[in-house]
Each structure stands twice: as C-alpha cells, then as structure tokens.
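There are 2 protein chains.
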Amino acid sequence: MGSSKKVIRIDLSSPVPVYRQIADQIRAMLVAREFSPGERLPTVRQVAVDLGVNHNTVAEAYRNLAEEGWLSLERGRGALVVSRTTPSPSPKVRSAFGQRLRDLIAQVRAAGVSPQAIRSEFEEAATALLGREGKGSAR
Amino acid sequence: MGSSKKVIRIDLSSPVPVYRQIADQIRAMLVAREFSPGERLPTVRQVAVDLGVNHNTVAEAYRNLAEEGWLSLERGRGALVVSRTTPSPSPKVRSAFGQRLRDLIAQVRAAGVSPQAIRSEFEEAATALLGREGKGSAR
DNA sequence: CATTGTTGTCTAGTTAGAGTAGACAGATCA
DNA sequence: TGATCTGTCTACTCTAACTAGACAACAATG
C-alpha cells in the first residue's frame, strides 16, 4: 500500500467551471474520509501546476470549501483540514437533490448507459461515500 | 386521472443555466416516457411565459434536445416528439457519470441529507427512469 | 534579527457564454 | 390575401470564469 495519490481530474471542455470541479472532487474525498482533521492539503500553487491552471482558480475552490467548514485557510501556512459538524438537513436541498439526480440519470440513460450500469455506479459511489448503512430495505 | 400537467420548475439563482435546466427536465420526462412520439410539446413562447423567461432561452433548450434526436423542430408548426434510437454507450460517459454522481452525493451528504434519504431518492428516480430491471443483486 | 522564500489574498483586466429584445421567415387558417 | 401562429436569426448587455501579477502574513535560515 503506497502513497495513494488522491489525484484530481479536470475537464476544460466541461460547462461546469474548473474551480467547482476541483471543489467537488475534494469534497467527495473529504466525505469519503480520505483526509483526516489536522492534515494539510497541497498548496494552491501546487495543485495549480498539477492541473495546469492559474493558482487563483484553485484558491477559489479552497475558499468555497473553507466557507462550507471543511478547511481552515491560513495565509503563509497552507490549507488545514478541520473537523466539521454536519448541518441539519433541509427539505429543500433534498428535493433539489432528487431533481438533479433524475436529470443526471436521464442524461446518461439517453447516452446509452444501461440501467444495470447506472445502478452499479450508484452502488459503488454509495458504498464509498455513505457506507453500507441501510442497504437492504430502506427505511 | 386528469391531464397531469407536466410542470417545469426553474431556479434563477442556480449556477446551471436556465436553458439547460429546461432541457434537463424535459429530457427526464422523455426518458420516463411521459411523452409519446408524434406528440407536440408546448411552443417555445408558451413555455417562456409560463416560466417568465425569454422565448429564445426556451428555444435554445429545444434546439439542444433536437440535436440529441428527441425532437423535430419545424418552424411555423411546433416541436414534435420523435422516436429516438438510443446510441451505443461509451466508457467515457460512464466514468464521467460516476464522477458526477460521487460529487453530487458528497454535496448533499455534506449538506446533512442522511444516507437513507439519499438511497431512497435514488430508488425513486431509478424506478421512474430505469424501470425495475436489475433490482436484486446487480449484474 | 534581517533575509529569503513560502503561503493565501487581493486588484485588474480579458473573454466566453447566458440572457434579452426585436426583426425575420415558414406554416396555417379565416 | 391578410392575420397570426410557429421556430430562427442578429445584435446587444451583462455576469462570471479565468488569468496575470502585485501584495501581505508566516516560516526557515543565516
């Protein structure tokens, strides 16, 4: 078991802005507990050269994550992962999630991805991000 | 069973552009077979006044769906739903889907939505868009 | 304690794309 | 024909993503 690099991949041709792609992927790693509180993320300039973008673009992503309570940014020192209290859920985000989920599934279904493959991708993501809670017979 | 209105909801404060929100939701309805080939969609101007946006914004959404093969646009006549052949799936779209799915799940998980709720929302979307194929033990 | 090099932050500026307004062109019908 | 539907096109405004480069706080080192 080596240093498992935790690589980020961006798509410049995607309509979703790069700073959001970066924030989204780091957030996914944080939710999956791939970073521990107290750990330091690579610097904005380090990530910037890795991805071939401006350091300000990475800084914007870090600032978003800091606003969400994931990071503590200290100038001159770096980006520190902090322990975060999960907010209480709102019905609005849940219904909005349902909407975006349907749209996303419809999009890939229309692109030819099979229902089995879609379910399989979800299970993979769910076990990584949600654990195995509530697998058989939900609720 | 009445005329089940098939309403579209848009969020002007969302970062995803309105024309894409419209296209995404109509595509979801098309995948869910809520429209039949031969049926006519409401006109761009009709949808525009319903949503309170410019008719060109709706036209852009319709044009996207036409490019995907869902609609046939005939000026002076309207937007016709056509029968579409599903393209063969590419591994790229599937892995990109996995990525976007993880990002989306991480986002709502971070917002406090419970794992059970997330799984429940997925099941709801899946049965509406994918049918019940492959429910127990995938693959 | 000064110096040097690191870190994140800030200010400007460019550019691409979303949205709008309004004219245009094909289709339908009285 | 004339009136009025339909989607299309052109021109314009405005916001936001991205970049370049200077700036400020901190650390390391002599």
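Quick note, the sequences are listed as chains D and L, same order. My numbering numbers the first residue of the first sequence as 2 and each following residue consecutively. My numbering numbers the first residue of the second sequence as 2 and each following residue consecutively. Ideal placement from N, C-alpha and C gives every residue a C-beta, glycine not left out.
In the structure shown, Glu75 of chain D falls within a strand segment according to DSSP collapsed to helix, strand and coil. Sequence-ordered contacts of the stretch 123-134 of chain L with chain D read Phe123, Glu124, Glu125, Ala126, Ala127, Ala129, Leu130, Leu131, Gly132 and Glu134 [C-beta pairs closer than 8 Å]. Comparing alpha-carbon positions, the option among L:Val83, L:Val54, L:His56 and L:Val50 lying closest to Leu66 of chain L turns out to be L:Val83. For Phe98 of chain L, the uninterrupted alpha helix (DSSP H) segment begins and ends at Pro92 to Ala111. Shown here, Val114 of chain L sits in coil according to DSSP, grouped into three states, outside any helix or strand. If you check the CB distance, Ala107 of chain D and Val109 of chain L do not come in under 8 Å.
Cβ neighbours of Ala29 of chain L within its own chain (closer than 8 Å, five residues either side excluded): Leu130. In the DSSP assignment, Asp25 of chain L falls within the alpha helix (DSSP H) that extends over Val19 to Val32. Residue state for Arg133 of chain D is assigned as coil, using DSSP reduced to three classes. Put simply, the CB of Ser115 of chain L is near chain D, with a gap under 8 Å to one of its CB atoms. Counting along the chain, Glu68 of chain D sits inside the alpha helix (DSSP H) bounded by residues His56 to Glu68. Between Arg41 of chain L and Leu81 of chain L, the CB-CB gap stays under 8 Å. In this structure, the CA atom of Pro38 of chain L is about 29 Å from the CA atom of Pro92 of chain L. A straight line joining the alpha-carbon of Ala62 of chain D with that of Gly113 of chain D spans about 32 Å. Of all alpha-carbon atoms in D:Asn55, D:Thr86 and D:Lys7, the one lying nearest the alpha-carbon of Tyr20 of chain D is that of D:Asn55. Contact note: Val32 of chain D reaches chain L through Ala107, Arg110 and Ala111, using a C-beta cutoff of 7 Å and chain order.
DSSP, reduced to helix, strand and coil, places Leu81 of chain L within a strand of the structure shown.
The continuous alpha helix (DSSP H) containing Val45 of chain D extends over residues Val45 to Leu52. Comparing C-alpha distances from Pro88 of chain D to each of D:Gly79, D:Gln100 and D:Gly70 shows the shortest one belongs to D:Gly70.
The beta carbon of Thr44 of chain D is closer than 8 Å to those of Gly79 and Ala80 in its chain, skipping five residues each way along the sequence.
With a threshold of 8 Å between beta carbons, Gly79 of chain D makes no contact with chain L. For the stretch 59-84 of chain D, residues whose beta-carbon sits nearer than 7 Å to a beta-carbon of chain L comprise Glu69. Taking a Cβ-Cβ cut-off of 7 Å, the neighbours of Phe98 of chain L in chain D comprise Val109, Val114 and Glu122, given in sequence order.
Between Ala127 of chain D and the set L:Ser14, L:Val17, L:Glu134 and L:Ala118, the nearest pair of CA atoms involves L:Ala118. The criterion of a C-beta distance shorter than 8 Å is satisfied by Phe123 of chain D and Phe123 of chain L. CA-to-CA, the gap between Arg101 of chain D and Thr86 of chain D works out to about 25 Å.
Contact between Leu52 of chain D and Ile11 of chain D holds: CB atoms are separated by about 6 Å, below the 8 Å threshold. Contact of Arg41 of chain D with chain L is not assigned, every C-beta pair being separated by 8 Å or more. By the rule that beta-carbons nearer than 8 Å mark a contact, Asp104 of chain D touches chain L.
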